[in-house]
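Take a look at the structure below.
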Amino acid sequence: MFQMFYDWFWWDRLWLPVNLTWTDLEDKDSRVYAKASHLYVTVPYALVFLLIRYVFERWVATPLAVTAGIRRRVHLKVEDQPLLELFYTTRCQSPTQLDIDGLSKKSSLSVRQIQRWFRRRRSQDRPGVLKKFREASWRFVFYLLAFVGGIFALHDKEWFYDTREVWTGFPKQSMLQSQYWYYILEISFYGSLVFSVTFDVKRKDFKEQIVHHVATLVLLSFSWCVNYIRIGTLVMLVHDASDVLLESAKLFNYAKWEKTCKTLFVLFAVVFMGTRLIIFPFWLIHCTWVYPVQHYPPFFGYYFFNVMLLVLLVLHMFWAYLILCMIRKFLFGTVSLHFSTVDPGQKSDVDSTFFPSLSDFHRKDNGETEVRQVDLCPPVKGAEPQWIVGHRTSASEILQA
Numbered sequence: 001m002f003q004m005f006y007d008w009f010w011w012d013r014l015w016l017p018v019n020l021t022w023t024d025l026e027d028k029d030s031r032v033y034a035k036a037s038h039l040y041v042t043v044p045y046a047l048v049f050l051l052i053r054y055v056f057e058r059w060v061a062t063p064l065a066v067t068a069g070i071r072r073r074v075h076l077k078v079e080d081q082p083l084l085e086l087f088y089t090t091r092c093q094s095p096t097q098l099d100i101d102g103l104s105k106k107s108s109l110s111v112r113q114i115q116r117w118f119r120r121r122r123s124q125d126r127p128g129v130l131k132k133f134r135e136a137s138w139r140f141v142f143y144l145l146a147f148v149g150g151i152f153a154l155h156d157k158e159w160f161y162d163t164r165e166v167w168t169g170f171p172k173q174s175m176l177q178s179q180y181w182y183y184i185l186e187i188s189f190y191g192s193l194v195f196s197v198t199f200d201v202k203r204k205d206f207k208e209q210i211v212h213h214v215a216t217l218v219l220l221s222f223s224w225c226v227n228y229i230r231i232g233t234l235v236m237l238v239h240d241a242s243d244v245l246l247e248s249a250k251l252f253n254y255a256k257w258e259k260t261c262k263t264l265f266v267l268f269a270v271v272f273m274g275t276r277l278i279i280f281p282f283w284l285i286h287c288t289w290v291y292p293v294q295h296y297p298p299f300f301g302y303y304f305f306n307v308m309l310l311v312l313l314v315l316h317m318f319w320a321y322l323i324l325c326m327i328r329k330f331l332f333g334t335v336s337l338h339f340s341t342v343d344p345g346q347k348s349d350v351d352s353t354f355f356p357s358l359s360d361f362h363r364k365d366n367g368e369t370e371v372r373q374v375d376l377c378p379p380v381k382g383a384e385p386q387w388i389v390g391h392r393t394s395a396s397e398i399l400q401a
């Protein structure tokens, strides 16, 4: 049964153009081709990346964070309440009013005490700035090195300047050593991100990130096996270009260098739109959709590769929408002071990953900024809302604080 599935999965007609077989991609005459067996090494390499990351975050990123004035956040430890802890871990982290009333009847705690317990328990699980800084610094270093390495590997290649050259001689295109390491390290890195997903900071776009990582791994692995390496290197380079600016903007945001952060974010937005929404679809996807059929009839691998590229494009459009929302809120947002409850289990429409101050400081038409702090507990029937409203101050005073 396994052999039957194996033979079907690697059937020539699925992955290769007509009149070509896997024997055509065997090494001979000093020509070396990519093979699926080469990818086995990416699993131990991914584990090595995790080890390097641990050492980097502990001995490089943490001292750098301390130098930037970032300290480890100390949480108030909640009282040991087995009933509430069981509800928190098995049911939900933000109970409804009905749930709170039921828990109050089952325990000796008042509604307000239960409410406070859940608020502090959620705070314990909320990642601190130090953890976010260490993650961002690790990704920044990798993306920077990957982008520089990609430029070095591709700057003298014909297909870097003319995408028609991507398909010249395909699929009998000999693999270069620079292509080998560029691919293997990128696949290993994204593999390490999948391994570390359980203990990394979970952001608003967590599900989209998982889809992105899996789609990237499938896309890179497939392009490696069928020798789509030339277009694969271009796709990696386009993605790494904006990621460098994204992670650097996060770093300066966590360090509270707001002007530098905002400048980098605007630059990131421009590069993101240019690479992910212009170059990626109109150059790279056009290259994979139009040019190959000029050399051979379409086959399953041709459609599969383009579908995976379209999945990435949809994710790019989703993130572009979030970026534009953040820019609009930052530049043109006018929000008046009002009271509202906030459920920490839910996210706002605009992620505050880069500019968390936007959720607290709302610009007014007169240039002033209102500081709003809100009790995160849902309102309790019969109890007076515990609103804490800060004084109105100017934006300059906030930046100097």
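Using the UniProt record's numbering, read the sequence shown as starting at 1 and increasing by one per residue.
Even for Gly, the Cβ is constructed at its ideal location relative to N, Cα and C.
These numbers were taken from a predicted model, which means no experiment stands behind them.
Sixteen is the threshold: since fewer than 16 other Cβ atoms of the shown chains lie within 10 Å of the Cβ of Gly169, the residue is exposed.
Judged by their CB atoms, Leu50 and Ser221 are not nearer to each other than the 8 Å cut-off. Annotation for Val141: the continuous alpha helix (DSSP H) segment containing it runs Val129 to Leu154. Pairing Pro297 with Leu193, the inter-Cα distance amounts to about 37 Å. By the Cβ rule, the stretch 291-308 counts as touching the stretch 6-18, because three or more pairs are nearer than 8 Å.
About 7 Å separates the CB atoms of Val244 and Phe140; that is less than 8 Å, so the two are in contact.
By the Cβ rule, the stretch 125-132 does not count as touching the stretch 233-248, because fewer than three pairs are nearer than 8 Å. One thing to note: Glu186 has its Cβ within 8 Å of the Cβ of Ala146.
Thr198 has its alpha-carbon roughly 13 Å from the corresponding atom of Gly191. Lys28 is bridged by DSSP to Arg31. Looking at Val60, Arg134 and Gln177, the one whose alpha-carbon comes closest to that of Gly150 is Gln177. Under the DSSP assignment, Lys262 falls in the alpha helix (DSSP H) whose first and last residues are Glu258 to Gly274. For Asn19, no alpha helix (DSSP H) encloses it, and the DSSP letter there is neither H nor E. For Gly169, there is no enclosing alpha helix (DSSP H), as DSSP gives it neither H nor E.
Under the three-state reduction of DSSP output, Trp283 falls in the helix class. Check the Cα spacing between Asp24 and each of His286, Cys225 and Thr275: the tightest is with Cys225. Excluding sequence positions up to five before and after Ser104, its CB lies within less than 7 Å of the CB of Ser110, Val111 and Ile114, all in the same chain and listed in chain order.
In the three-state reduction of the DSSP assignment, Ala68 falls in the coil class.
Unbroken alpha helix (DSSP H) runs of no fewer than 4 residues, entirely contained in the stretch 163-235, are found at 177-195 and 206-225, following chain order. In the structure shown, Ala36 falls within a helical segment according to DSSP collapsed to helix, strand and coil.
Between the stretch 54-65 and the stretch 201-213 there are fewer than three inter-stretch CB-CB distances shorter than 8 Å, so the stretches are not counted as touching. DSSP places Tyr321 in the helix class (H, G or I) of the three-state scheme. Listed in chain order, the alpha helix (DSSP H) elements of length 4 or more contained wholly in the UniProt domain "Homeobox" (67-128) are 82-90, 97-106 and 111-125. Apart from sequence neighbours up to five positions away, the residues of its chain that approach Cys287 with a beta-carbon distance below 7 Å are Thr163, Val166 and Ile231, ordered along the chain.
The way I'd put it, the stretch 313-324 doesn't touch the stretch 30-45; fewer than three beta-carbon pairs between them come closer than 8 Å.
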